[in-house]
């Protein structure tokens, strides 16, 4: 059971904590793409005034997670098929750089803690559980690369992809994705950057193709363009 990111905010720096909570609600799928963001409702759930909520929404609009529409309000962004394709292409290029760096650094202890997480997953594993662990695993690869600028860029791209990431696993057995994570760990631990790159690329391409196919089959889930 995951904690509700929209639980009341209790922190001195309300602006930042409200921003982080709303962002987590969006990226984590608690607030869906296309859903309208009500300042009143969010302020009530977070037990704050509307001012930090309004500021957080404006900040989220700058990241691309939120779209501001004149006279209509703020909405969680609906990615187009091209948006999703472009984001995955960029993510693939940058994450390959990260995984090659991780392969050279060989942080085996940190990598091995992920093996049991994915090894026990089956097709019956809850999708939300898999997606949460998948998100954390890839974030750990970014951090383990040791390049903070690369890490920041990948986090930003991943946040935008996460708007519709749930659709990337539709119609594909979750065990397939879970086993690919173990294969990524194995490839990194060989110390061969080319092998690690190949395994990671295959994993990301499967996820990308699954998402794009689903968005094309369900045009109501994406914006026009």
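Numbering (our numbering), first residue to last: 34 to 258.
Ideal Cβ positions, reconstructed from N, Cα and C, are used throughout, including at glycine.
For residue 243, there is no enclosing beta strand (DSSP E); the residue is found in the alpha helix (DSSP H) stretching over 226–250.
Note on residue 198: 16 or more other CB atoms within 10 angstroms of its CB, so buried under the neighbour-count rule. Assigned with DSSP and collapsed to three states, residue 253 falls in helix.
Non-local C-beta neighbours of residue 192 in its own chain, meaning closer than 6 angstroms and more than five positions away in sequence, comprise 60, ordered along the chain. Taking residue 132 as reference, the option from 214, 207, 204 with the minimal CA-CA separation is 214.
Residue 93 sits close to residue 56, with the two beta carbons spaced by under 8 angstroms. Annotation for residue 72: 83, 86, 87 place their beta carbon closer than 6 angstroms to its own, counting only its chain and skipping 5 residues before and after. By the Cβ neighbour-count rule, residue 54 is buried, with 16 or more other Cβ atoms within 10 Å of its own. Per the Cβ contact rule, the stretch 215–226 is in contact with the stretch 135–148 (3 or more Cβ pairs under 8 angstroms). Each residue's CA atom was taken as its position, placing residue 146 and residue 119 some 32 angstroms apart.
Contact between the stretch 225–238 and the stretch 179–186 is absent, with fewer than three C-beta pairs closer than 8 angstroms.
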